[in-house]
Structure formats: structure tokens, C-alpha cells
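J.: Residues in the sequence shown are numbered from 0 upward in steps of one, following numbering that gives the first Met the number 0.
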Amino acid sequence: MTTPVENQPRRERTWIYVTACIVLGVLLIVGLLTFHSQKQTNEATQKADQLIAALAAAGARTPDRDQIVRVLGNDGGATCANPNEALSKGTFLSLLTNGAAGPGIRPVIADSAIVRGQLLIIKIYCPDELNDFQQFVDDLKTDDVAGT
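(1) With C-beta atoms as the reference, is Ala47 less than 8 Å away from Arg115?
(2) The alpha helix (DSSP H) with Lys46 in it runs from where to where?
(3) So Tyr124 and Cys79 are in contact, right, with Cβ under 8 Å, and what is the actual spacing, rounded?
(4) When the Cα atoms are used, what is the spatial distance from Arg12 to Leu32?
(5) Since Gly76 and Val70 should fall inside the 8 Å C-beta cutoff, what is the C-beta to C-beta distance between them, to a whole number of angstroms?
(6) Could you tell me if Leu50 is buried or exposed, where buried requires 16 or more neighbouring beta carbons within 10 angstroms of its beta carbon?
(7) By the DSSP assignment, the alpha helix (DSSP H) with Asp65 in it spans what residues?
(8) Starting from Ile120, trace the alpha helix (DSSP H) both ways and give me its first and last residue.
(9) Look at Asp110 and Thr61 and say whether their C-beta atoms are less than 8 Å apart.
(10) Pick out the complete alpha helix (DSSP H) segments inside the stretch 69-108, 4 residues or longer, and give them in chain order.
(11) My understanding is that Asp131 touches Asn81, with C-beta atoms under 8 Å, so please give their C-beta distance in whole angstroms.
(12) How long is the line joining the alpha carbons of Pro106 and Thr96, rounded to whole angstroms?
(13) Identify, in the order they occur along the chain, each residue of the same chain with its Cβ nearer than 8 Å to the Cβ of Glu42, setting aside the five sequence neighbours on each side.
(14) In or out: Glu5 buried (at least 16 other Cβ within 10 Å) or exposed?
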């Protein structure tokens, strides 16, 4: 087996390498500038502390602050994405079932603590959506079924 003979001039190969390095460098810089990590900002930490205090005042279990910051960030995450859209309401209602799957799934009278927790998140992270979501929740039949 023999090595093929290089037919390109050295100057032409240098331009290819230089261009490839420049393109790679530009892509690296663009990637670093557009990378958005979920850092623990002061606002996210303050909102998490506010939610923990509100949950504790309501008598609910309180998750770890770091966990709340990771899940809700400083904008409420998926909870505040579109809480009053049909898909979000449908997803919320699917959580208020008996836990079965398929033909056994049934709506139930859900514990009011679940609804209060969702309302607290919306109140703290996206208060502009609260009135519409409160009207939706007022139409639900809930009760203190868990006995908290």
C-alpha cells in the first residue's frame, strides 16, 4: 500500500486550515454568548424563599430552595409559560385524577392543597396570570381530602 501524493500546493492547504479555524472560533464564540444556563440569580432565590414561606404558612411541606430555583427559576418555568391556555389547564386537570391509567382513569374531588400550591406559584412567579387562573380554579370541586 502506498501513500497518495499530495497535489495541492501548501499555500492552498493553509487557507483551508485557517478558514476552518476561524469558522470554528466564530462558532465557539457564538455558542458561548448564546448559552443560557439556569444560574441561581438573586431574583430566583428571593422568589424561592417567598414561595417556601408561603407554603409553610399554608401548612404544606416545603421543598429545598435549590430545587425550587432549578425548577421554577426566576420566571416560574413551565408553570407560568401559559397557565391559562387549554393545554396547561388540561395538564393540570390530568393531575386531579384517581391515578389509574387507561379506561380506569377517573376525575376525583381533589385535595384543595394541590390547588392552593399551584395558586401560590402563580401568585409569586406570574401574578398577571393569577386572576384568570383563580376563576378557573373556582369552578373546580375540591375539598380537604388529605387531612393536612
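In this text, a Cβ means the ideal position worked out from N, Cα and C, and glycines have one as well.
T.: Based on what the coordinates show:
(1) no
(2) 41-56
(3) 5 Å
(4) 30 Å
(5) 6 Å
(6) buried
(7) 64-71
(8) 111-124
(9) no
(10) 85-94
(11) Actually they are not in contact, since the Cβ atoms of Asp131 and Asn81 sit about 11 Å apart, beyond 8 Å.
(12) 4 Å
(13) Asn73
(14) exposed
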